[in-house]
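Here is the structure we will look at, set down as structure tokens.
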Amino acid sequence: MSPDSKAVSPKRVSCVAVQIQHTTKALGCGCVGQAVLSRGAHGGTMTISVGFAMAVTIAVYVSGGVSGGHINPAVSLAMCVAGRLKWTKLPIYILAQLLGAFVGAAAVFGIYHDAFMEYSNGTLEVTGPYATAHIFATYPAPYLSLINGFADQVMSTAVLLLVIFAIFDSRNNRVPKGLEPVVVGLLIIVLTCSLGMNSGCAMNPARDLGPRLFTAIAGWGMEVFTAGNNWWWIPVVAPMLGGVLGALTYIIFIEIHHSDNQQGEENDVYDKYELTNM
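Heads up: the sequence shown is residues 1493 to 1770, going by the numbering used here.
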């Protein structure tokens, strides 16, 4: 179903986007929190990768029929550039995505409040052996430069968008209808397993900035913006660039080389890409 074919009001879309981003962030950061706060006893790298991926899958299944499953500003921007989403909806989606991620981070902090206090003896630290800020947002590894980190985020998000376009391309080897969110979840797993070492593989400005704002307010302080040589802007700007790059790469090198549509094939690009607006 296309955004045009369903008369969905901006208010309704934004409310749905807030709810799904809240759900995704709460479940995803909950996986990280459980692993960190239990000192590895109740999770690790693989549970975090799988947990975040399944959180995305669940969110898309829940909301795909109403809002298209938007949870990532980089994807929304790429869809606008490619003509799959109206530009007028972009600021609404981005605002809702940020708010949802903020609320999701607050939910995780509330659920694990006592565990946070026990883990770090009542202090909330951004760096050091008892750091907990990385439960909510990404921070670079000690060896990582800003240039390398920027390239990391551009590449990972470009791959994300390139494969998403392929998954939902009806003239390519499209995934059976209804299983697209599962394949997107598997895609996120492989990306986090292969490109997550440098900085956690954010690939989502809302997933990073919303919770970072929460931690700044909740007690970690403004160090969340200065840590890692002022790292905070990398997972905001680089995924937006990478998303557009990945989308255009697919269109230029794959999509425009398809043969003409056969009679009876779907011609509405909004219908074709509705579920890719994640």
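Beta carbons are placed, not taken as given, at the ideal position from N, Cα and C, and that holds for glycine.
C-alpha distance - residue i paired with residue j, whole-angstrom precision
i	j	result
residue 1531	residue 1556	36 Å
residue 1592	residue 1681	22 Å
residue 1721	residue 1603	31 Å
residue 1601	residue 1749	49 Å
residue 1605	residue 1544	21 Å
residue 1623	residue 1609	12 Å
residue 1638	residue 1537	23 Å
residue 1616	residue 1745	48 Å
residue 1697	residue 1564	7 Å
residue 1641	residue 1691	7 Å
residue 1660	residue 1554	18 Å
residue 1567	residue 1525	26 Å
residue 1684	residue 1658	19 Å
residue 1668	residue 1699	28 Å
residue 1576	residue 1552	17 Å
Classification of residue i by the beta-carbon crowding that lies within 10 angstroms, buried from 16 upward
i	result
residue 1731	buried
residue 1666	exposed
residue 1613	exposed
residue 1672	buried
residue 1724	buried
residue 1758	Because the pLDDT of residue 1758 is 46, which lies under 50, any placement of that residue in the model is unreliable, and the number read from its coordinates should be weighed accordingly. Counting Cβ neighbours within 10 Å, residue 1758 comes out exposed, since fewer than 16 surround it.
residue 1751	exposed
residue 1546	buried
residue 1621	exposed
residue 1662	exposed
residue 1686	exposed
residue 1560	buried
residue 1727	buried
residue 1670	exposed
residue 1729	exposed
Sub-8 Å separation of residue i and residue j beta-carbons
i	j	result
residue 1648	residue 1695	yes
residue 1548	residue 1516	yes
residue 1550	residue 1523	no
residue 1656	residue 1676	yes
residue 1627	residue 1528	yes
residue 1707	residue 1654	no
residue 1599	residue 1518	yes
residue 1618	residue 1533	no
residue 1693	residue 1597	no
residue 1569	residue 1702	no
Quiz item: Below 8 Å, can you find three or more Cβ-Cβ pairs linking the segment 1627-1637 to the segment 1731-1750?
Solution: The answer is no - the segment 1731-1750 does not touch the segment 1627-1637, with fewer than three Cβ pairs under 8 Å.
Quiz item: Three or more C-beta pairs closer than 8 Å, one from the segment 1577-1588 and one from the segment 1699-1717: is that the case here?
Solution: no
Quiz item: Where are the beta strand (DSSP E) runs, 3 residues long or more, that stay fully inside the segment 1691-1740, in chain order?
Solution: Counting whole runs of 3 or more residues, the segment 1691-1740 contains no beta strand (DSSP E) stretch at all.
Quiz item: Of all the alpha helix (DSSP H) runs that stay within the bounds of the segment 1554-1587, which reach a length of 4 or more residues?
Solution: 1565-1573
Quiz prompt | Segments of 4+ residues assigned as alpha helix (DSSP H) that fall wholly inside the segment 1628-1698 | solution = DSSP runs (the alpha helix (DSSP H)) wholly in the segment 1628-1698: 1638-1659 and 1672-1687.
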